[in-house]
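A.B. asks:
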């Protein structure tokens with residue numbers, strides 16, 4: 004079997020942890036598998052490097068910042084190769100440019116264009132574990148780039164896709180994907196399997212186990228993922244297309260996102276093009292919106308409200324206020340004390356009553372709903388942040404504990 | 004003018020020092036020069052990285068160790084590029100592989116094979132200061148290598164040679180090359196100029212300003228070097244082929260090497276092939292010898308004694324003892340309390356009396372001479388280490404202060 008294993012920064016933070024990771028890799032190798040490993044930078048290395056750059060320049064040149072940052076993963080892979088060799092496992096470390104991991108030139112958030120598997124295959128054929136630096140690539144000019152958030156996961160999935168790996172294991176500090184965040188819901192259950200679509204919804208809902216980008220890539224290339232713990236040695240959660248237990252499960256999980264805000268424009272003229280004029284302003288500012296609700300207001304006007312990342316709220320407000328005349332609205336109101344609660348399940352569309360169960364649980368917990376949004380595999384509600392944890396507990400009890 | 008500037012690790016140890024270095028670079032650039040900069044790793048970075056490796060493995064794989072170590076220079080050049088940009092000077096950092104600095108595959112002590120100037124020239128043409136990572140290269144396989152001791156100096160000289168630079172400035176923590184080590188001889192004088200050959204002898208004699216390897220390369224390609232201080236802004240010492248003041252100076256400098264030992268084989272048969280048998284044993288162990296003296300012993304035998312690095316003494320002794328029968332000698336004696344004192348001067352061969360002056364000074368200082376060796380531009384004597392500093396002072400007084 005060909006396995007790609009990815010370990011995050013906290014898993015390789017020091018020599019002892021690196022040895023533990025090397026032990027996990029060695030086990031997979033000794034079981035007869037070909038193993039490719041993708042590592043992040045050790046512990047706080049990336050933050051330390053950024054701090055070093057900021058000592059020099061408040062806004063460092065992005066190309067040079069990437070040149071600086073890619074050293075972090077380079078350190079991890081070379082040390083881990085040594086740890087494996089020390090255990091008698093042949094190993095070799097390779098940088099992004101050495102596996103021709105080509106990206107565009109968006110320094111700091113580059114997108115993968117292509118990947119050359121020749122060198123990796125050669126080293127595997129010689130019986131070596133191949134360690135590839137995560138998070139980094141090289142652009143057409145031959146300059147170092149970094150992939151931005153979720154970069155190392157994305158590197159692992161891209162390699163797994165291109166090498167036709169049988170499995171891509173993402174080792175983290177949790178044991179898998181849960182029906183809800185175990186820090187909030189102690190009774191949360193680990194899922195054995197989940198579909199890509201469910202995982203995508205959960206990731207974007209703030210489940211924070213896997214970055215969306217890597218899940219999207221895995222879905223596109225049919226790479227089977229497994230999320231598992233680098234501390235507790237037991238099976239994690241498989242993320243793949245068809246889940247055997249789909250018919251039995253109504254929903255897979257519940258997620259909560261607190262980092263959002265709601266913005267409402269009140270008293271808009273009821274004429275075509277209004278929504279376009281609003282969201283063009285936001286697109287220009289590169290602000291993403293999530294839930295959008297349009298309702299009928301008083302006196303032949305309408306209201307449009309939407310949610311966005313809380314960190315974008317002030318920029319969005321400023322941009323829309325500046326465009327008040329061009330858009331034509333009476334009032335702008337904001338609420339940054341809202342949270343989004345979502346239930347996600349691939350089986351949902353075929354089941355009646357999920358929404359009813361959700362609303363029943365929320366009503367019983369005295370939680371008021373501001374907005375509702377549905378998709379094929381999820382239902383999201385916008386509620387007050389102060390009630391979000393209680394709401395989550397109530398909904399989890401309803402779906403998983405009754 | 005095209006100038007290559009090289010700064011060592013202590014000159015770029017932190018943000019404040021990097022800014023100072025950026026100031027020196029900016030000055031050269033603003034004066035209308037094209038500037039290429041080669042940097043070493045910051046302060047103790049290289050040692051820290053080696054320590055990290057040793058935490059994992061007592062004898063780390065050399066390829067992986069090089070993969071680890073090259074990150075040090077990468078950090079320096081990217082930070083320095085940011086510092087220059089912060090001053091409004093366009094700058095770009097480039098790694099060894101990005102300038103196609105090809106080496107052989109002797110990890111840890113690789114030799115430069117070739118260098119591609121295309122990328123450097125492109126960036127210079129765009130008005131940028133080009134910062135190149137010192138100490139590192141890439142082998143035919145596309146793997147990272149390091150150049151070993153004196154590596155960054157060698158990188159700088161290699162680039163200066165290939166780019167036909169007008170000058171290669173080596174910035175250090177001393178103001179230039181002195182007639183003797185100023186820490187021992189407070190009256191030592193800074194030289195304005197010195198020839199490559201003199202510099203080579205002084206470097207190998209322990210003057211420790213420039214590594215031999217970079218001086219040899221500079222000599223071969225006619226690269227004019229300047230050794231100068233990154234703290235005191237004044238002209239340093241130029242190292243070049245023809246020195247204007249050659250006829251006036253008898254010697255350029257005095258150097259002392261304490262890190263040596265003497266080994267003597269007594270009672271060798273007086274027959275052909277003896278020396279070959281001895282030094283073949285040492286060559287197999289990769290032990291370099293320096294001065295060699297052969298003298299006639301008692302009863303038709305001969306003695307051979309030689310000096311070597313003190314750190315190699317035990318290995319040499321063991322190898323020669325093991326080969327006692329094959330070589331055929333009576334006794335082996337060692338002395339690790341010896342030092343080598345050398346006077347160096349390109350004009351020496353044409354001048355009578357240098358040796359006489361040297362011996363006179365040593366006799367007056369009551370220093371006994373164990374061995375004498377001469378070359379076209381130097382005279383070296385082996386003396387007791389306990390007398391070495393006094394000897395150096397006496398000789399310096401004789402040649403430079405009377």
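Chains as they are written, first to last, in my numbering: chain V, 4 to 405; chain G, 4 to 405.
Glycine is no exception: its CB is placed at the ideal position from the N, C-alpha and C atoms.
Bear in mind the structure is a predicted one, so any value in this text is a computation, not a measurement.
If we ignore side chains and look at the alpha-carbon of each, how far apart do residue 7 (chain V) and residue 386 (chain V) end up?
C.D. replies: 40 Å
A.B. asks: Using the three-state DSSP reduction, which class does residue 341 (chain G) fall into: helix, strand or coil?
C.D. replies: strand
A.B. asks: Taking DSSP's pairing of strands, which residues face residue 171 (chain V) in a bridge?
C.D. replies: V:7 and V:228
A.B. asks: In angstroms, rounded to a whole number, what distance separates the CA positions of residue 102 (chain G) and residue 223 (chain V)?
C.D. replies: 37 Å
A.B. asks: Is there at least one Cβ from chain V nearer than 8 Å to residue 21 (chain G)'s Cβ?
C.D. replies: yes
A.B. asks: Quick one: what's got a C-beta closer than 7 Å to residue 273 (chain V)'s C-beta in the same chain, skipping five residues either side?
C.D. replies: 303, 304 and 305
A.B. asks: In the segment 10–34 of chain G, which residues sit with their C-beta less than 7 Å from some C-beta in chain V, listed in chain order?
C.D. replies: 18 and 21
A.B. asks: If residue 241 (chain V) sits next to residue 195 (chain V), beta carbons under 8 Å apart, how far is it from one beta carbon to the other, in whole angstroms?
C.D. replies: Rounded, the Cβ-Cβ distance is 7 Å, consistent with contact.
A.B. asks: Using a Cβ-Cβ distance cut-off of 8 Å, determine whether residue 249 (chain G) contacts chain V.
C.D. replies: Caution is warranted here: a pLDDT of 49 is assigned to residue 249 (chain G), below 50, making its placement in the model unreliable, and no coordinate value can be reported.
A.B. asks: Secondary structure at residue 138 (chain G), three-state DSSP: helix, strand or coil?
C.D. replies: coil
A.B. asks: Could you check where the alpha helix (DSSP H) with residue 279 (chain G) kicks off and where it finishes?
C.D. replies: First-last of the alpha helix (DSSP H) with residue 279 (chain G): 277–287.
A.B. asks: Could you compute how far the alpha carbon of residue 294 (chain V) sits from the alpha carbon of residue 376 (chain V)?
C.D. replies: If I take the Cα positions, the gap works out to 7 Å.
A.B. asks: List, in order along the chain, the chain G residues whose C-beta lies closer than 7 Å to that of residue 71 (chain V)?
C.D. replies: 78, 81 and 82
A.B. asks: For residue 24 (chain V), which residues of its own chain have a beta-carbon under 6 Å away from its beta-carbon, when the five flanking residues on both sides are left out?
C.D. replies: 10, 14 and 15
A.B. asks: Quick one: which chain V residues come within Cβ less than 8 Å of residue 55 (chain G)?
C.D. replies: 18, 78 and 82
A.B. asks: Just tell me which of G:66, G:61, G:83 and G:65 has its CA closest to the CA of residue 67 (chain V).
C.D. replies: Among G:66, G:61, G:83 and G:65, the Cα nearest to that of residue 67 (chain V) is on G:83.
A.B. asks: Would you mind giving the Cβ-Cβ distance between residue 311 (chain V) and residue 264 (chain V), rounded to the nearest angstrom? I have them listed as a contact below 8 Å.
C.D. replies: 6 Å
A.B. asks: How about the segment 169–180 of chain G and the segment 108–116 of chain G: do they share at least three Cβ pairs that are nearer than 8 Å?
C.D. replies: no
A.B. asks: Give every residue of the same chain whose Cβ lies closer than 6 Å to the Cβ of residue 112 (chain V), excluding the five residues on either side of it in the sequence, and list them in chain order.
C.D. replies: Residues of the same chain with a CB within less than 6 Å of the CB of residue 112 (chain V), apart from the 5 flanking positions on each side, are 151 in chain order.
A.B. asks: Using 8 Å as the Cβ pair cut-off and three pairs as the minimum, do the segment 149–166 of chain G and the segment 35–52 of chain G touch?
C.D. replies: Yes, the segment 149–166 of chain G touches the segment 35–52 of chain G.
A.B. asks: Examine chain G for any beta-carbon lying closer than 8 Å to the beta-carbon of residue 4 (chain V), and answer yes or no.
C.D. replies: no
A.B. asks: Would you mind reading off the limits of the beta strand (DSSP E) that contains residue 117 (chain G)?
C.D. replies: 115–117
A.B. asks: How would you list, in chain order, the residues of chain G whose beta-carbon sits under 8 Å from the beta-carbon of residue 142 (chain V)?
C.D. replies: Going along chain G, no residue has its Cβ under 8 Å from residue 142 (chain V), so there is no contact; the nearest lies around 12 Å.
A.B. asks: Can you give the Cα-Cα distance for residue 55 (chain G) and residue 71 (chain G), rounded to whole angstroms?
C.D. replies: One C-alpha to the other measures close to 9 Å.
A.B. asks: Using DSSP with H/G/I as helix, E/B as strand and the rest coil, what is residue 310 (chain V)?
C.D. replies: strand
A.B. asks: Have a look at residue 81 (chain G) and residue 230 (chain G) and give me their C-alpha separation to the nearest angstrom.
C.D. replies: 24 Å
A.B. asks: Look up residue 302 (chain V) in the DSSP assignment and say whether it is helix, strand or coil.
C.D. replies: Correct three-state label for residue 302 (chain V): coil.
A.B. asks: Give the range of the beta strand (DSSP E) segment to which residue 258 (chain G) is assigned.
C.D. replies: 256–272
A.B. asks: What is the DSSP secondary structure of residue 104 (chain V), reduced to helix, strand or coil?
C.D. replies: coil
A.B. asks: How close, in whole Å, do the beta carbons of residue 197 (chain G) and residue 396 (chain G) come, if the pair is a contact with beta carbons under 8 Å?
C.D. replies: Actually they do not touch by this definition, with Cβ atoms about 21 Å apart.
A.B. asks: Measure from the C-beta of residue 263 (chain V) to each C-beta in chain G and report whether the shortest distance is under 8 Å.
C.D. replies: no
A.B. asks: Tell me the rounded alpha-carbon separation between residue 335 (chain G) and residue 215 (chain G).
C.D. replies: 32 Å
A.B. asks: If you measure between the beta carbons of residue 244 (chain G) and residue 225 (chain G), is that distance less than 8 Å?
C.D. replies: yes
A.B. asks: What's the call for residue 142 (chain V), buried or exposed, on a 16-neighbour Cβ count within 10 Å?
C.D. replies: buried
A.B. asks: By the 7 Å beta-carbon criterion, what residues does the segment 82–98 of chain G contribute toward chain V?
C.D. replies: Residues passing the 7 Å Cβ filter: 82, 84, 85, 86, 88, 89 and 96.
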